[in-house]
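Note that the numbering used here numbers the sequence shown so that position 275 is 974, with each residue one more than the last. The C-beta atom is built at its ideal place from N, Cα and C for all residues, glycine as well. Heads up, the thing below is written out as structure tokens.
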Amino acid sequence: MYDFVVVGAGPAGSRFARRAAEEGYDVLALEQGSVGEPLACSGHVSTDIWEYTTDGAREELLQNEITGARFHLDGPGSESHPFYREEPISNVIDRVGLDRHLAAAARDAGADLREGHTVTAVIEEDDHVVVAASTPDGSAQFRARMVAGCDGPISRTRRDLGIDEPDELLHGVLGFTDETDHGDRVDVHLTVPRFFAWRIPRGEAGVEYGLGAPPGREVRGLFEEFTEGYGADTENVCSGMIPIGPPKRVTSDRGFLIGDAAAQTKPFTGGGILYGMTAADHAAERIDPEDPTSLKAYEKAWRTDLSREIRMGGWLRRAYSLPEPVQKAGLGALSGEIGVHMDRPSSLFSRAQLKALFSRS
700 MYDFVVVGAG PAGSRFARRA AEEGYDVLAL EQGSVGEPLA CSGHVSTDIW
750 EYTTDGAREE LLQNEITGAR FHLDGPGSES HPFYREEPIS NVIDRVGLDR
800 HLAAAARDAG ADLREGHTVT AVIEEDDHVV VAASTPDGSA QFRARMVAGC
850 DGPISRTRRD LGIDEPDELL HGVLGFTDET DHGDRVDVHL TVPRFFAWRI
900 PRGEAGVEYG LGAPPGREVR GLFEEFTEGY GADTENVCSG MIPIGPPKRV
950 TSDRGFLIGD AAAQTKPFTG GGILYGMTAA DHAAERIDPE DPTSLKAYEK
1000 AWRTDLSREI RMGGWLRRAY SLPEPVQKAG LGALSGEIGV HMDRPSSLFS
1050 RAQLKALFSR S
């Protein structure tokens, strides 16, 4: 009988497994394939990422430092509106390497993390859960006091626990080139219906191109049109779903969701690495596997920390669909030096941001 079975060893799952193991709990983490594969997430993150890693991670994983972004209302080569700071505000990292680093930290903390284990069912009983999985050695069942669903946007755990779906699922596409680019600005194109496309320089590691759009659109066609505008011939193209809008509850009787499975993401970018690991810390600090009522403390803690940011991120995203003249006027008025944190939309009203705005007036 484990204390926790963790389904999924992405950033949220590995972070929870590590923190729960450090608390002295007996933790089993199951990853359906190899950790970090297939890649389905951008490697552009805030500098806060290093607070969740161990010594040496920055030297191992950092690819480039970013000081700002250029926003476009049309395709490549169109007029841009720059937003920037003098010092780096975000980093580009080896995204697969991050997953592997976090998984190694979980193992070092004492978690039993097994790859090649595809979960096929999650069953809640009165006093425990049963997690069935397909393993390299055949079928297996694992018992635990609680299960942590960290298995991404299309979550088997979420479905089996009877938890509602996210408000929305977008379709994201990523592709890469090997062109060296040490530029320190990301290009953001507000040309995709209800979302955007991007170009991220990764230093010696090349360039990342990406795009997100509502399902049903010709997403791959939109991506090809976008990259052709840059004259880019991308390789290693991958895609995945981006969950937006968490359900009203992310817990059941003996289960809980973290990360993309809980749609703990930024509505205005789709990124969820930092939000998921923040929620993982709240879960590890508050959930007692022998006391199901402690799940309420987790629900309250992560929502207190992140719900305002998610709500404000939704307001920002609505601006992507404003009429172009309104967008142009807004970007023109606000562009320049900023004091905004990329994971905290509430920082739009921070002292640093207000100081940056008034310094231009």
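The beta carbon of Arg806 sits closer than 6 Å to the beta carbons of Leu812 from its chain, once the five residues preceding and following it are set aside; these are given in chain order. In the three-state reduction of the DSSP assignment, Ser938 falls in the strand class. Beta-bridge analysis with DSSP links Gln840 to Ala831. Counting along the chain, no beta strand (DSSP E) covers Arg901, and no H or E run does either.
Take the alpha-carbon of Glu1023 and the one of Thr964: they are about 26 Å apart. Ser733 sits in coil when the DSSP states are folded into three classes, being neither helix nor strand. According to DSSP, residue pairing for Asp880 in a beta bridge involves Gly902.
Across the structure, Gly735 and Asp850 are spaced so that their CA atoms are roughly 12 Å apart.
Shown here, Asp850 sits in coil according to DSSP, grouped into three states, outside any helix or strand. It is roughly 12 Å from the alpha-carbon of Leu956 to the alpha-carbon of Pro865.
CA-to-CA, the gap between Asp932 and Lys995 works out to about 49 Å. Fewer than three beta-carbon pairs drawn from the stretch 843-858 and the stretch 751-759 are found closer than 8 Å, and the two stretches are therefore not classed as touching. For secondary structure counted as the beta strand (DSSP E) over 3 or more consecutive residues, the stretch 757-807 holds these complete runs in sequence order: 761-765, 767-771, 779-783 and 789-792. When secondary structure is reduced to three states using DSSP, Asp725 falls in the coil class, being assigned neither helix nor strand. Each of Pro991, Arg953, Glu778 and Leu889 was checked against the Cα of Gly911, and the nearest Cα belongs to Leu889.
DSSP places Ser1046 outside any alpha helix (DSSP H), giving it a letter other than H or E. Taking 7 Å as the cut-off, the beta carbon of Phe875 is found no closer than this to the beta carbon of Glu923.
The count of Cβ pairs closer than 8 Å, one atom from the stretch 996-1016 and one from the stretch 975-982, reaches three, so the stretches are in contact.
Per DSSP, Asp811 is one residue of the beta strand (DSSP E) stretching across Asp811 to Arg813.
Rounded to the nearest whole angstrom, the C-alpha separation of Asp863 and Pro946 is 6 Å.
Between Leu868 and Pro942, the C-beta spacing is below 7 Å. The stretch 736-744 and the stretch 896-909 touch, with three or more beta-carbon pairs separated by less than 8 Å. Remark: three or more beta-carbon pairs, one from each stretch, lie closer than 8 Å, so the stretch 792-806 and the stretch 701-721 are flagged as touching. Note on geometry: alpha-carbon atoms of Tyr701 and Gly1029 lie some 53 Å from one another. Within its own chain, the residues whose Cβ lies closer than 8 Å to the Cβ of Gly905, once the five positions on either side in sequence are excluded, are Phe875, Thr876, Asp877, Glu878, Thr879 and Asp880, listed in chain order.
Taking C-alpha positions only, Ser833 is separated from Asn790 by approximately 37 Å. Just so you know, the alpha carbons of Val936 and Asp990 end up roughly 44 Å apart. Distance between Glu730 and Gly815, taken at the CA atoms: about 6 Å. Within the DSSP secondary-structure output, Leu956 pairs in a beta bridge with Gly848.
With fewer than three CB-CB distances shorter than 8 Å, the stretch 721-728 does not count as touching the stretch 965-980. Around the beta carbon of Trp897, 16 or more other beta carbons lie within 10 angstroms, which makes this residue buried. Counting only residues of its own chain and dropping the five nearest sequence neighbours on each side, His800 has a CB closer than 8 Å to the CB of Thr752, Thr753, Ala756, Glu759 and Leu760. In the DSSP assignment, His743 falls within the beta strand (DSSP E) that extends over His743 to Ser745.
In the DSSP assignment, Glu1023 falls within the unbroken alpha helix (DSSP H) covering Glu1023 to Leu1033. DSSP, read as helix, strand or coil, puts Leu738 in coil. The three-state reading of DSSP puts Ile943 in strand, counting E and B together.
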